[in-house]
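Going line by line, the protein sequences match chains Y and C. With the working numbering, letter number 28 in the first sequence gets 28, and the count goes up by one each step, no holes. With the working numbering, letter number 204 in the second sequence gets 515, and the count goes up by one each step, no holes.
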Amino acid sequence: MSFLSLVQTALELGLISSLTVLALFLSYSMLNVCDLSTDGCFTLGATVGAVVALSGHPYLSVLAAMAAGVLSGFITAILQTKMGVNSLLAGIIVNTALYSVNIAVMGNSSLLNMNKTDTVFTKMQSLLKGTFLSGQYKLIVALFFVILVVVFLTLFLRTRLGLAIRATGNNPDMVRSSSINPIMTTIIGLCIANSFTALSGCLLAQSQKSVNIDIGTGMVTIALASLLIGGIFVSKGKIGLRAVGAVFGAFVFRLVYTIALRFNMPAFMLKLVSSVIVVIAIATPYLKKQLPLFKRRWQHRFGKEEAECSE
Amino acid sequence: MLRVTHLSKTFNPGTVNAKLALDDLSLHVAPGDFVTIIGANGAGKSTLFNAVSGSFISDSGKILLDGADITLMPEFKRARVIGRLFQDPMRGSAPGMTIEENLALAAGRGGWLSTVSKTDKKLFRERLALLDMGLEDRMQQQVGLLSGGQRQALTLMMATFQAPKLLLLDEHTAALDPATAEKVLKLTTEIVAEKNLTCLMVTHNMQSALELGNRTVMMDRGRIIFDVSGEERAKLTVADLLEQFKIASGKALDNDRMLLT
Chain Y
1 MSFLSLVQTA
11 LELGLISSLT
21 VLALFLSYSM
31 LNVCDLSTDG
41 CFTLGATVGA
51 VVALSGHPYL
61 SVLAAMAAGV
71 LSGFITAILQ
81 TKMGVNSLLA
91 GIIVNTALYS
101 VNIAVMGNSS
111 LLNMNKTDTV
121 FTKMQSLLKG
131 TFLSGQYKLI
141 VALFFVILVV
151 VFLTLFLRTR
161 LGLAIRATGN
171 NPDMVRSSSI
181 NPIMTTIIGL
191 CIANSFTALS
201 GCLLAQSQKS
211 VNIDIGTGMV
221 TIALASLLIG
231 GIFVSKGKIG
241 LRAVGAVFGA
251 FVFRLVYTIA
261 LRFNMPAFML
271 KLVSSVIVVI
281 AIATPYLKKQ
291 LPLFKRRWQH
301 RFGKEEAECS
311 E
Chain C
312 MLRVTHLSKT
322 FNPGTVNAKL
332 ALDDLSLHVA
342 PGDFVTIIGA
352 NGAGKSTLFN
362 AVSGSFISDS
372 GKILLDGADI
382 TLMPEFKRAR
392 VIGRLFQDPM
402 RGSAPGMTIE
412 ENLALAAGRG
422 GWLSTVSKTD
432 KKLFRERLAL
442 LDMGLEDRMQ
452 QQVGLLSGGQ
462 RQALTLMMAT
472 FQAPKLLLLD
482 EHTAALDPAT
492 AEKVLKLTTE
502 IVAEKNLTCL
512 MVTHNMQSAL
522 ELGNRTVMMD
532 RGRIIFDVSG
542 EERAKLTVAD
552 LLEQFKIASG
562 KALDNDRMLL
572 T
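Spelled out as C-alpha cells, the structure:
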C-alpha cells in the first residue's frame with residue numbers, strides 16, 4: 001500500500017466520520033451538551049439507510065437515515081428538557097434503547113450485507129465509469145455531503161435561531177432571562193446534530209457495503225477526539241472556519257490511525273487510542289491551570305519556604 | 312403598568328428551612344414610574360423580581376402587566392416585555408459570542424432564520440456609540456473580552472433595545488467600581504428617560520434611592536413597609552429614611568452592603 005493510497009483511505013474514512021464530528025461540533029461545542037446517544041444514532045443511520053437501500057431506494061436511504069437521526073435526537077432532547085432526565089443519562093438511555101431498535105430495523109438480525117445493493121456510492125461509481133475520477137467515487141460522495149453540511153452549519157449558525165442555540169450553550173443564565181426558549185433551542189440543536197450523525201453512519205455502512213450492530217460503538221469518543229484535534233488547528237475565529245477545522249481534525253485522526261496500523265498497531269487499539277486522545281485533550285488545559293498549585297505544594301513541602309518557616 | 316396583588320411565596324415549605332419570602336405583597340406601578348427599592352438582606356427584593364420576571368411561579372396572588380395576566384406565563388415569554396439586569400455583569404451576555412451577535416439576539420429583529428443585515432449593523436453602531444465606551448469599533452470582538460462595566464452597559468443596552476414594558480434592575484451597579492458604577496447609573500437614567508420606561512430598581516445606595524426615580528419603596532420580611540413619592544419624598548433625607556425603617560419594622564436597617572451616602 002503506497003503512502004498515497006494510505007492518505008486516500010484516511011481521507012475517505014475521515015470525511016465520512018467528520019459528519020459525526022460536525023454533529024458534535026453543534027451539540028458539544030455550540031450547545032454544550034455531551035450527546036452520548038451518538039453511538040446508537042450512528043448505528044441507527046447505518047441500519048435504516050441499509051434497509052431502505054436494500055429495498056431499492058439508494059437516494060431515499062440517505063434521507064430516511066437522517067430522518068431517523070432527527071427522531072432519535074428529538075427523544076434525547078425531550079428526555080433532558082421536559083422529563084427532568086440528566087442530559088448525560090438521557091443520551092445513555094436512548095443509546096441503550098437504540099440497540100434493540102437497530103436489531104429490529106435489520107429484521108431481527110445483527111448483520112446486513114449490501115454487496116449487490118444499489119447505494120449512493122455505486123450510483124456515483126457507475127456515473128464516473130471511464131473518467132479519470134472513477135477510482136475516487138467514495139471520496140466524491142463523502143466530500144459532497146461534508147461540503148453540504150459545513151455550508152449548512154455556517155449559514156445556520158449565523159441566523160437568529162443559530163445564535164440562540166449558541167447562546168444556550170454559552171451562557172444558560174442569560175438565555176433563561178431572555179426571550180429565548182432554551183427548551184426549543186436544545187431540541188432543534190439535538191435534532192439537527194443527530195441527523196448528521198445518522199447520515200455519517202448511513203454513508204459508512206454503504207461505503208463498506210455492510211452494516212453490523214457494532215458499527216457505531218465508540219463513535220462518540222472517536223468523534224470527540226477528532227473534534228478536539230481540529231480545535232488545536234482552529235480554536236478561534238469564524239464558525240465556518242471552525243467547522244472546517246473539525247473536518248480537518250477527523251482527517252488527521254484517521255491519518256494518524258491509518259499510519260499506526262501500517263506500523264503494525266493492531267486494529268482493535270483504535271478505541272483505546274481515541275480515548276487517550278480525548279483524555280489528553282480535555283485534561284491538559286485543566287492540569288496547566290493547576291500547575292502553579294502543584295508547584296506551590298512542592299515548594300511548601302520540600303523547598304526553601306519550609307526551611308524558613310521552621311526556623 | 313405593573314399590578315401585583317396579594318403575592319405570596321414560601322421557599323422550602325413544610326421543612327425547618329421554610330421561609331416566607333413574599334408575604335401577601337401588593338404593589339401598583341403606574342406607567343412611566345421609576346421606583347427605587349431598598350431593604351435589608353433577605354427582605355424579598357430579589358424574590359419580588361424573580362416572581363415578576365417568572366424565574367419561579369408564585370404560590371398565590373396575581374401579577375398583571377399592562378393589563379395582561381402574566382402570573383403563570385413562562386419566563387422566556389415574559390422576557391419579551393420585561394428587561395432585566397442582575398448584579399453580576401457576566402449574567403446578561405454570552406462571552407463566547409461577538410458584540411454584534413449578542414446584539415442581534417437582543418434586537419430580535421426579523422424571523423428565526425434571518426441574519427444580521429447592514430441596516431442592523433448600522434443601528435447597532437449608532438446605539439453602541441451612545442454608550443461612549445468605544446464599543447462601536449469592537450463589534451466583531453467577543454464579549455468575554457470586555458470589562459465588567461462595559462458588559463453591564465452592553466447588557467443594559469440589550470435589555471432596552473426593544474423598549475420593554477418593564478425594566479427590572481437588581482443592584483446592577485453593585486459589582487462595579489465606583490466610577491464605572493456612576494457611569495452605568497447615568498446611562499441607565501438617560502435610557503429610562505429617553506424611552507420613558509417603567510422601571511423598578513433595587514439599590515443598596517440610600518442616596519441614589521432618594522435621588523433617582525420618582526418613588527421609593529422599602530421592603531422588609533416579604534412586605535412593603537414604606538412607600539413614598541412626590542413632595543414628601545423630595546423632603547426626605549437618608550437619615551429620615553433610616554428612621555422610617557426603624558419605625559415601620561421595629562429594628563434598625565441591616566444590610567451588609569448598604570451605602571449611606
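Note that the Cβ used here is the ideal one computed from N, Cα and C, for glycine as well. Predicted model, so just to flag it, every value in this text is computed and none were measured.
query, result
"Close-in-space but distant-in-sequence residues of the same chain around Val33(Y) (CB under 6 Å, 5 per side omitted)", "Ser27 and Ser87"
"Beta strand (DSSP E) runs contained entirely in the segment 97-142 of chain Y, provided each spans 3 or more residues", "111-113"
"Neighbour flag for Arg402(C) against chain Y, beta carbons, 8 Å", "yes"
"Min CB distance Ile180(Y) to chain C below 8 Å", "yes"
"Backbone secondary structure at Cys34(Y) - three-state DSSP", "coil"
"Cross-chain neighbours of Thr185(Y) in chain C, by beta carbon under 8 Å", "Ordered by position in chain C, no residue passes the 8 Å Cβ test against Thr185(Y), which lies about 10 Å from the chain."
"Own chain partners of Val252(Y) with C-beta closer than 6 Å, once the 5 adjacent residues on each side are dropped", "Ile229"
"Residues near Glu311(Y) in its chain [Cβ-Cβ closer than 8 Å; skip 5 each side]", "In this prediction, Glu311(Y) has a pLDDT of 48, which is less than 50 and means its spatial position is unreliable; what the coordinates show is noted afterwards. Closer than 8 Å at the Cβ level, and outside the excluded window around Glu311(Y), lies no residue."
"Test item: CB-CB of Arg534(C) and Asp334(C) under 8 Å", "yes"
"Reduced DSSP category for Leu270(Y) - H, G, I as helix; E, B as strand; rest coil", "helix"
"Residues bridged to Gly350(C) [DSSP beta-bridge criterion]", "Met530(C)"
"Range covered by the beta strand (DSSP E) that runs through Met512(C)", "Cys510 to Val513"
"Asp214(Y), buried or exposed, once every other Cβ within 10 Å from all chains shown has been counted against 16", "exposed"
"Inter-residue Cα distance where the pair is Leu24(Y) and Leu521(C)", "53 Å"
"Inter-residue CB distance, Lys494(C) and Gly460(C) (contact presumed, cutoff 8 Å)", "7 Å"
"Rounded Cβ spacing between Lys320(C) and Thr358(C) (contact assumed at less than 8 Å)", "6 Å"
"C-beta atoms of Gly201(Y) and Thr43(Y) nearer than 8 Å", "yes"
"Given Leu227(Y) as reference, the closest of Ser18(Y), Leu199(Y) and Met83(Y) once Cα atoms are compared", "Ser18(Y)"
"Option in Lys236(Y), Phe3(Y) and Leu163(Y) with minimal Cα separation from Trp423(C)", "Leu163(Y)"
"Burial state of Ile558(C), where buried means 16 or more other Cβ atoms lie within 10 Å", "exposed"
"Pair within 8 Å by beta-carbon distance, Val150(Y) and Leu22(Y)", "yes"
"Cα-Cα separation between Asp488(C) and Arg395(C), rounded to whole angstroms", "21 Å"
"Contact belief for Leu511(C) with Leu480(C) at Cβ below 8 Å, rounded distance in angstroms", "7 Å"
"Identified DSSP bridge partners for Lys373(C)", "Thr316(C)"
"Residue environment, Ala250(Y), which counts as buried when at least 16 other CB atoms sit within 10 Å", "buried"
"3-residue-minimum beta strand (DSSP E) runs that sit fully inside the segment 473-501 of chain C, ordered along the chain", "477-481"
"Which listed residue (Thr38(Y), Gln8(Y), Leu15(Y) and His300(Y)) has its alpha carbon closest to that of Ser195(Y)", "Thr38(Y)"
"Interfacial residues, the segment 364-394 of chain C to chain Y, with Cβ spacing under 7 Å", "Ser364, Glu386, Phe387, Ala390 and Arg391"
"Nearest candidate by alpha-carbon position, reference Asp531(C), set Leu553(C), Arg389(C), Thr316(C) and Leu383(C)", "Leu553(C)"
"Ala46(Y): contacting residues in chain C (beta-carbon distance under 7 Å)", "Residues of chain C passing the Cβ test: none, with the nearest at roughly 31 Å."
"Status (buried if at least 16 other CB within 10 Å, exposed otherwise) for Gln451(C)", "exposed"
"DSSP state of Asp334(C) mapped onto helix, strand, coil", "strand"
"Identity of the residues DSSP links to Gly291(C) by a beta bridge", "What is shown of chain C runs 312 to 572, which leaves residue 291(C) out entirely."
"CB contact below 8 Å: Ala164(Y) versus chain C", "yes"
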